[in-house]
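In case it helps, the working numbering puts the sequence shown at residues 2 to 502. Reviewing the structure listed below.
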Amino acid sequence: MENKFYITTPIYYVNASPHIGHSYTTIAADVLSRFKRRVLGKDNVRFLTGTDEHGQKIQKAADSAKLSAQDFVDKTSLQFRNLWKSLGVSYDDFIRTTEERHVKVVQKVLEILFKKGDIYEGKYEGLYCTPCETFWLESQAIGGLCPDCQRPVERIVESNYFFKLSIYQDWLLGFLKENPNFIKPASRYEETLRFLELNKLNDLCISRPKERLNWGIPLPFAPEHVTYVWFDALVNYISAVGEFDSQDNYQSRWWPAELHLMAKDILRQHTVYWPIMLHALNIELPKAVFAHGWWMINEDKMSKSRGNVVNPLEMIEKYGLDAYRYFLLRDVPFGLDGNFSEEGIVKRYNSDLANDLGNLVYRTLTMIEKYFDGSIPNVDFNKLKNDQKVSNILAKIQNLDSRVSSALDKQDFSLALEAIWELIAMANKHVEETKPWNLAKENKQEELKEFIRLLIDVIRAVSRQLEIFIPQTALSIQEQFGEEKVKKGNPLFPRIETKKK
Numbered sequence: 002m003e004n005k006f007y008i009t010t011p012i013y014y015v016n017a018s019p020h021i022g023h024s025y026t027t028i029a030a031d032v033l034s035r036f037k038r039r040v041l042g043k044d045n046v047r048f049l050t051g052t053d054e055h056g057q058k059i060q061k062a063a064d065s066a067k068l069s070a071q072d073f074v075d076k077t078s079l080q081f082r083n084l085w086k087s088l089g090v091s092y093d094d095f096i097r098t099t100e101e102r103h104v105k106v107v108q109k110v111l112e113i114l115f116k117k118g119d120i121y122e123g124k125y126e127g128l129y130c131t132p133c134e135t136f137w138l139e140s141q142a143i144g145g146l147c148p149d150c151q152r153p154v155e156r157i158v159e160s161n162y163f164f165k166l167s168i169y170q171d172w173l174l175g176f177l178k179e180n181p182n183f184i185k186p187a188s189r190y191e192e193t194l195r196f197l198e199l200n201k202l203n204d205l206c207i208s209r210p211k212e213r214l215n216w217g218i219p220l221p222f223a224p225e226h227v228t229y230v231w232f233d234a235l236v237n238y239i240s241a242v243g244e245f246d247s248q249d250n251y252q253s254r255w256w257p258a259e260l261h262l263m264a265k266d267i268l269r270q271h272t273v274y275w276p277i278m279l280h281a282l283n284i285e286l287p288k289a290v291f292a293h294g295w296w297m298i299n300e301d302k303m304s305k306s307r308g309n310v311v312n313p314l315e316m317i318e319k320y321g322l323d324a325y326r327y328f329l330l331r332d333v334p335f336g337l338d339g340n341f342s343e344e345g346i347v348k349r350y351n352s353d354l355a356n357d358l359g360n361l362v363y364r365t366l367t368m369i370e371k372y373f374d375g376s377i378p379n380v381d382f383n384k385l386k387n388d389q390k391v392s393n394i395l396a397k398i399q400n401l402d403s404r405v406s407s408a409l410d411k412q413d414f415s416l417a418l419e420a421i422w423e424l425i426a427m428a429n430k431h432v433e434e435t436k437p438w439n440l441a442k443e444n445k446q447e448e449l450k451e452f453i454r455l456l457i458d459v460i461r462a463v464s465r466q467l468e469i470f471i472p473q474t475a476l477s478i479q480e481q482f483g484e485e486k487v488k489k490g491n492p493l494f495p496r497i498e499t500k501k502k
């Protein structure tokens, strides 16, 4: 189908509660979905998120909580749903890997690949990290520690099933060289390319014996084995929106996805395993994969294992939902790592939201009440004589939609917001330079009308764009600026007083 947009977040692993990293990816996907609904119409956009609920870590976490694995994942998956509701996330579908629709497609994928000869039984002997659910070579696990989480690995010898990843390496390299925009940003593309050029792919171990791990999707051709969690999880992108017909052809209104969004730590699974899996199944690849950076705390990666995670709900309670959404999207160019601090949120809040946006809205409402008894003046700007400042602002209003659209088409949230704030800054500067209080004193009613109407047009243009990023604020602005009258409310963002050193 032409003119459709299918976007996904990763499905989040439910061995612990959600944190700011999860919210970053999901809010970014929400903004792009809202933008695309405006362009294509809501029926042509599909935004998928969900939870990844199988694997050894889940079983261990459930045991620690003295719950069955199913009860544990039910409880934790609900935390993600509730958080997305609190964050104003407008997803269209929420998939869980314990759902029948997903299990059915995973088993069909395994069946097709086994029948094709791309899955075989073999012996695995090597090092395994349970917390990361990853196998490592001796050369990688220096000092007997997992290179990712720095916890001890264990030696495992067992019979498992393997997917022939290695036979598709040359195909994947060729595909990536022909499609450099498949992986974004460019630095992640280079990273994947370099990895494939410098390393020989090993076949992927895709099963675990039930005697070691019972919590997973059974292999249809070997029920004494369950599916490796990463192989199972990646299939969610197709299990949520389609199914295989009797000839093993995948059918979907929505596939291929226009964009898979994720953090950079799961880049390889999405740019090596997943494309090869799809190619082996004769399914078209997604249009693009975007792996953004991490939020750091004092130069350290934020992660559950390090115990330095930030709870999004606490941030919303302290600073408000839209201030939190705005900070995440504005403070760091999407793709780069960012340093998270509450001082950073307060700075953005007071500067951009209170001083710039909030001040412009409140002072405009106050002037409309004072000078025009709350009525919105009508002005035909086409009939005005050439006023360069007014013309510049009108041109900025005219170009705002295309500037925001152009930035969002490149997943550049901070650039889109910068364009909006440039217009806000111009309007605030226009107030200071025009000094409307003097126009009122001199009884220059027409000039005052034109001045106020220009500010109203700026605010309306700005609020329309802000619907995508900070919807609650946009709605509040629109409610205060009616068609003919204004209804002034409280300031949008009362300043946060900070203690001076």
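Note that beta-carbon positions come from the ideal geometry of N, C-alpha and C, so glycine has one too. Only a predicted model underlies this, so the values are computations on that prediction, with no experimental measurement involved.
Return the bridge partner residues of residue 296 from the DSSP annotation.
Along the sequence shown, one-based indexing puts residue 296 at 295. Paired residue(s): 339.
So is residue 466 buried or exposed if we call it buried at 16+ other beta carbons inside 10 Å?
Position 465 of the sequence shown, counted from the start, is the residue given in the question as residue 466. Buried, because 16 or more other Cβ atoms sit within 10 Å of the Cβ of residue 466.
Using only the alpha-carbon positions, how far apart do residue 356 and residue 425 sit?
Within the sequence shown, the letter at position 355 stands for residue 356. Within the sequence shown, the letter at position 424 stands for residue 425. C-alpha separation (whole angstroms): 10 Å.
Is residue 51 helix, strand or coil by DSSP?
Position 50 of the sequence shown, counted from the start, is the residue given in the question as residue 51. Judged by DSSP in its simplified three-state form, residue 51 adopts strand.
Please list, in chain order, all residues of the same chain as residue 245 whose beta carbon is under 6 Å from its beta carbon, the five residues on each side excluded.
Stepping through the sequence shown from its first residue, residue 245 is reached at position 244. Spatial neighbours of residue 245 in its own chain (CB-CB distance under 6 Å, excluding positions within 5 residues in sequence) are listed in chain order as 109, 251.
What is the DSSP secondary structure of residue 327, reduced to helix, strand or coil?
Residue 327 sits at position 326 when you count from the first residue of the sequence shown. It is helical.
Let me confirm a value: residue 37 is counted as buried when at least 16 other C-beta atoms fall within 10 Å, else exposed. Which label applies?
Within the sequence shown, the letter at position 36 stands for residue 37. So residue 37 ends up on the buried side.
Mapping DSSP to helix, strand and coil, what is residue 141?
Locating residue 141 in the sequence shown gives position 140, counting from the first residue. Per DSSP, reduced to three states, the secondary structure at residue 141 is coil, with no helix or strand assignment.
Report yes if the C-beta distance between residue 184 and residue 273 is below 7 Å; otherwise report no.
As a position in the sequence shown, residue 184 is number 183, starting the count at 1. As a position in the sequence shown, residue 273 is number 272, starting the count at 1. Residue 184 places its beta carbon 7 Å or farther from that of residue 273.
Since residue 226 sits in a beta bridge, which residues does DSSP pair it with?
As a position in the sequence shown, residue 226 is number 225, starting the count at 1. According to DSSP, which records beta bridges pairwise, residue 226 is partnered with 210.
Determine whether the Cβ of residue 239 lies closer than 7 Å to any Cβ atom of chain C.
This model lacks chain C altogether; it includes just one protein chain.
Would DSSP call residue 100 helix, strand or coil?
Numbered from its first residue, the sequence shown carries residue 100 at position 99. Three-state result, residue 100: coil.
Taking 8 Å as the limit between beta carbons, can you name the residues of its chain near residue 117, skipping five residues before and five after?
Stepping through the sequence shown from its first residue, residue 117 is reached at position 116. The residues 281, in chain order, have a CB closer than 8 Å to that of residue 117 in the same chain once the five nearest residues on each side in sequence are set aside.
Cβ shell of residue 218 (< 7 Å), same chain only, five flanking positions each side left out
Against the sequence shown, residue 218 aligns to sequence position 217. Listed in chain order, the non-local C-beta contacts of residue 218 below 7 Å within the same chain comprise 55, 104, 107, 108, 227, 228, 233, local neighbours out to five positions each way being set aside.
Judging by CA-CA distance, which residue of 283, 330, 259 is the nearest neighbour of residue 169?
Mapped onto the sequence shown, residue 169 falls at position 168. Comparing Cα-Cα distances from residue 169 to each of 283, 330, 259, the minimum goes to 283.
Looking only at C-alpha atoms, which of 363, 430, 403, 409 sits nearest to residue 391?
The count along the sequence shown starts at 1 and reaches residue 391 at position 390. Out of 363, 430, 403, 409, the CA that lies nearest to the CA of residue 391 is found in 430.
Rounding to the nearest angstrom, what Cα-Cα distance links residue 257 and residue 9 in this structure?
Numbered from its first residue, the sequence shown carries residue 257 at position 256. Numbered from its first residue, the sequence shown carries residue 9 at position 8. Going from the Cα of residue 257 to the Cα of residue 9 covers about 11 Å.
If you count every other CB in all the chains shown that lies within 10 Å of the CB of residue 499, and 16 or more means buried, which is it?
What you label residue 499 is simply residue 498 of the sequence shown in a count that begins at 1. Residue burial is scored here from C-beta neighbours: residue 499 has fewer than 16 other C-beta atoms within 10 angstroms and is therefore classed as exposed.
Quick one: Cα of residue 502 to Cα of residue 309, how far?
Position 501 of the sequence shown, counted from the first residue, corresponds to residue 502. Position 308 of the sequence shown, counted from the first residue, corresponds to residue 309. Annotation note: pLDDT 47 at residue 502 (below 50); position unreliable, coordinate value reported separately. The straight-line gap separating the alpha-carbon atoms of residue 502 and residue 309 is approximately 26 Å.
If you run the structure through DSSP and keep just helix, strand and coil, what is residue 502?
If you number the sequence shown from 1, residue 502 lands on position 501. Note that residue 502 has pLDDT 47, beneath the 50 cutoff, so the model's placement of it is unreliable and no number is given.
With which residues is residue 161 paired in a DSSP beta bridge?
For the purposes of this step, residue 161 is identified with residue 160 of the sequence shown, where counting begins at 1. In DSSP, residue 161 forms a bridge with 123.
Out of 295, 314, 235, which one is the CA nearest neighbour of residue 13?
The residue you call residue 13 lines up with position 12 of the sequence shown. For residue 13, the closest C-alpha among the options 295, 314, 235 is that of 235.
Compute the Euclidean distance between the alpha carbons of residue 91 and residue 85, then round it to the nearest angstrom.
The residue given as residue 91 occupies position 90 in the sequence shown. The residue given as residue 85 occupies position 84 in the sequence shown. One C-alpha to the other measures close to 8 Å.
With DSSP as the reference, label residue 77 as helix, strand or coil.
In the sequence shown, counting from the first residue as 1, residue 77 sits at position 76. In the displayed model, residue 77 falls within a helix according to three-state DSSP.
Name the DSSP bridge partner or partners of residue 252?
Within the sequence shown, residue 252 is the residue found at index 251, counting from 1. In DSSP, residue 252 forms a bridge with 244.
Taking one C-beta from the region 37–47 and one from the region 311–331 each time, how about it: are there three or more such pairs within less than 8 Å?
No contact exists between the region 37–47 and the region 311–331.
According to DSSP, is residue 20 helix, strand or coil?
Walking along the sequence shown from the start, residue 20 turns up at place 19. Residue 20 carries a coil assignment under DSSP once its states are collapsed to helix, strand and coil.
According to DSSP, which residues form a beta bridge with residue 291?
Within the sequence shown, numbered from 1, the residue matching residue 291 stands at position 290. DSSP output for residue 291 lists 185, 262 as bridge partner(s).
When we look at the beta-carbon of residue 1 and count the other beta-carbons within 10 Å, is it buried (16 or more) or exposed?
Limits of the chain in this structure are 2 at one end and 502 at the other, which puts residue 1 out of reach.
Tell me, to the nearest whole angstrom, how far the beta carbon of residue 457 is from that of residue 494; I am working on the premise that it is less than 8 Å.
For the purposes of this step, residue 457 is taken as the residue at position 456 of the sequence shown. For the purposes of this step, residue 494 is taken as the residue at position 493 of the sequence shown. Their Cβ separation, rounded to whole angstroms, is 20 Å, which puts residue 457 and residue 494 out of contact at 8 Å.
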